[in-house]
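Participant: Numbering of the sequence shown is given in my numbering, commencing with residue 37 and proceeding in unit increments. Built from N, CA and C at the ideal position, the CB exists for glycine as well. One structure is given below, represented as structure tokens, and several questions about it will come after.
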Amino acid sequence: MILVTGATGNVGSELVVQLAAAGIPVRAMTRSPEKADFPAGVEVVTGDFDKPETLPAALEGVESVFVVPPGYGPEGPVQETTLVAAARKAGVRHLVKMSTSGVHFDATDPLSNGHRLGEQVIRESGLAWTILRPGTFMIYLYGYARTIAADKTMYVTEGDPVSAMIHPRDIASVAAKVLTTPGHEGRTYTLTGAEAYSPRRQGEIIAEALGEPVKVVERTTAEARAEYDRLGWGGPRLEGLLELKRQSAAWDFEVFDTVQKITGTAPLTLRDWVDEHLHLFN
């Protein structure tokens, strides 16, 4: 049995579907099981990193766990420590943690710092472990959808990096292989898509899919912060994201062939992702 934490998230939901399609027993852990929508045969269980009493039942009979803590700052390693303690008691053999490529590149933003400490927790767990370090998710483009749908304008923040974005489905495909085939214990994998896209190229791809022009407008960090605050998206998480984006300009364009090597399949393209989510931009 494989337990997928963060099962309703972008990667976890894809992983649950892939494991179920392969006929592998999978249990989906979520804080809100009534909202879960998974294929037949998937066992859904209530579980919360911040409520240790919910974890023993979720981990019963589990051999491997896909670890995605809900916290992305200092709380993340604390949550992972709680999970590790419960996993050890339950007899879990293998932990697969989703981290971030910022750790690979020694980034010091809050997200990368939290995952760096979380990786240490997993490595020191006494259990077999594997670390996945994906780069920027293609879902980053969600942030452009509102204004593109409204007036076909894409506002990008100054210094937004050229990015080898990765489709969450590809992260899930790697996770599925790591969880179900031998030879990945004690390994750390950095994951990206197969091509790096500038913000302007991202806009062009959306325009090509829509069949109409999309204007790309750069705004200052201060302007971006003010707009996010207006929308209620401000606070520490936003500041952490802005700092990550500032630092990642030095590396986010780097392409790794890990997805192809592990899955045997080329990564999905940004056009693939846009076509799947085109309704967001209309």
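Taking the CB atoms as reference points, tell me whether L215 and V103 lie closer together than 8 angstroms.
Facilitator: Translated into positions along the sequence shown, residue 215 becomes position 179. Translated into positions along the sequence shown, residue 103 becomes position 67. Against a cut-off of 8 angstroms, the Cβ pair of V103 and L215 comes out as no contact.
Participant: Please report how far the alpha carbon of G150 lies from the alpha carbon of Y233, in whole angstroms.
Facilitator: By one-based count along the sequence shown, residue 150 stands at place 114. By one-based count along the sequence shown, residue 233 stands at place 197. If you take the alpha carbons of G150 and Y233, they lie about 27 angstroms apart.
Participant: Within the continuous alpha helix (DSSP H) that includes K281, where are the two ends?
Facilitator: If you number the sequence shown from 1, residue 281 lands on position 245. Unbroken alpha helix (DSSP H) run through K281: P272 to S284.
Participant: Would you check if the distance between the CB atom of L177 and the CB atom of Q238 is smaller than 8 angstroms?
Facilitator: On the sequence shown, residue 177 is found 141 positions in, with the first residue counted as 1. On the sequence shown, residue 238 is found 202 positions in, with the first residue counted as 1. Yes, Cβ-Cβ distance for L177 and Q238 is below 8 angstroms.
Participant: Applying the 10 Å Cβ sphere with the 16-neighbour rule, what's the burial state of K281?
Facilitator: In the sequence shown, counting from the first residue as 1, residue 281 sits at position 245. Burial call: buried.
Participant: By the three-class DSSP mapping on this structure, what secondary structure does Y233 have?
Facilitator: Reading the sequence shown from its first residue, position 197 is the one you call residue 233. Three-state result, Y233: strand.
Participant: Taking the Cβ atom as the reference point for each residue, do G229 and I202 lie within a distance shorter than 8 angstroms?
Facilitator: Taking the sequence shown and counting its residues from 1, the one referred to as residue 229 is at position 193. Taking the sequence shown and counting its residues from 1, the one referred to as residue 202 is at position 166. Contact: yes.
Participant: Check each candidate in E70, P170, P69 and L119 and name the one with the smallest Cα separation from D86.
Facilitator: Against the sequence shown, residue 86 aligns to sequence position 50. Nearest of E70, P170, P69 and L119 to D86, Cα basis: L119.
Participant: Which value, in whole angstroms, describes the spacing of the CA atoms of E96 and M190?
Facilitator: Locating residue 96 in the sequence shown gives position 60, counting from the first residue. Locating residue 190 in the sequence shown gives position 154, counting from the first residue. Straight-line Cα distance between these residues: approximately 47 angstroms.
Participant: Give me the residue from A262, L246 and G162 with the minimum Cα distance to L278.
Facilitator: Reading the sequence shown from its first residue, position 242 is the one you call residue 278. For L278, the nearest C-alpha among the options comes from A262.
Participant: By the 10 Å Cβ neighbour count, where 16 or more other Cβ atoms means buried, how is A185 classified, buried or exposed?
Facilitator: Your numbering for residue 185 matches position 149 in the sequence shown. So A185 counts as exposed.
Participant: Excluding five sequence neighbours on each side, which residues of the same chain lie with their C-beta closer than 8 angstroms to the C-beta of T183?
Facilitator: As a first step, residue 183 is located in the sequence shown; it is residue number 147 there, counting from the start. T189, M190 and Y191.
Participant: Given this structure, state the Cα-to-Cα distance separating A302 from Q296, to the nearest angstrom.
Facilitator: Within the sequence shown, residue 302 is the residue found at index 266, counting from 1. Within the sequence shown, residue 296 is the residue found at index 260, counting from 1. Taking the straight line from one Cα to the other gives about 5 angstroms.
Participant: My output table needs one value for P170: the three-state DSSP class, helix, strand or coil.
Facilitator: Position 134 of the sequence shown, counting from 1, holds the residue named residue 170. Three-state result, P170: strand.
Participant: Ordered along the chain, which non-local residues of its own chain (more than five positions away) have a Cβ less than 7 angstroms from that of V252?
Facilitator: By one-based count along the sequence shown, residue 252 stands at place 216. Here the set comprises M190, V192, P235, R236 and G239.
Participant: Looking at V139: is its Cβ nearer than 8 angstroms to the Cβ of R169?
Facilitator: Position 103 of the sequence shown, counted from the start, is the residue given in the question as residue 139. Position 133 of the sequence shown, counted from the start, is the residue given in the question as residue 169. Result yes, Cβ atoms of V139 and R169 sit closer than 8 angstroms.
Participant: Scan the segment 188-274 and note each continuous alpha helix (DSSP H) run of 4 residues or more that stays entirely inside, going in chain order.
Facilitator: Counting whole runs of 4 or more residues, the segment 188-274 contains the alpha helix (DSSP H) stretches 204-216, 235-246 and 257-266.
Participant: With DSSP collapsed to three states, give me the class of L304.
Facilitator: Here the question's residue 304 lines up with position 268 in the sequence shown. L304: coil per DSSP, three-state reduction.
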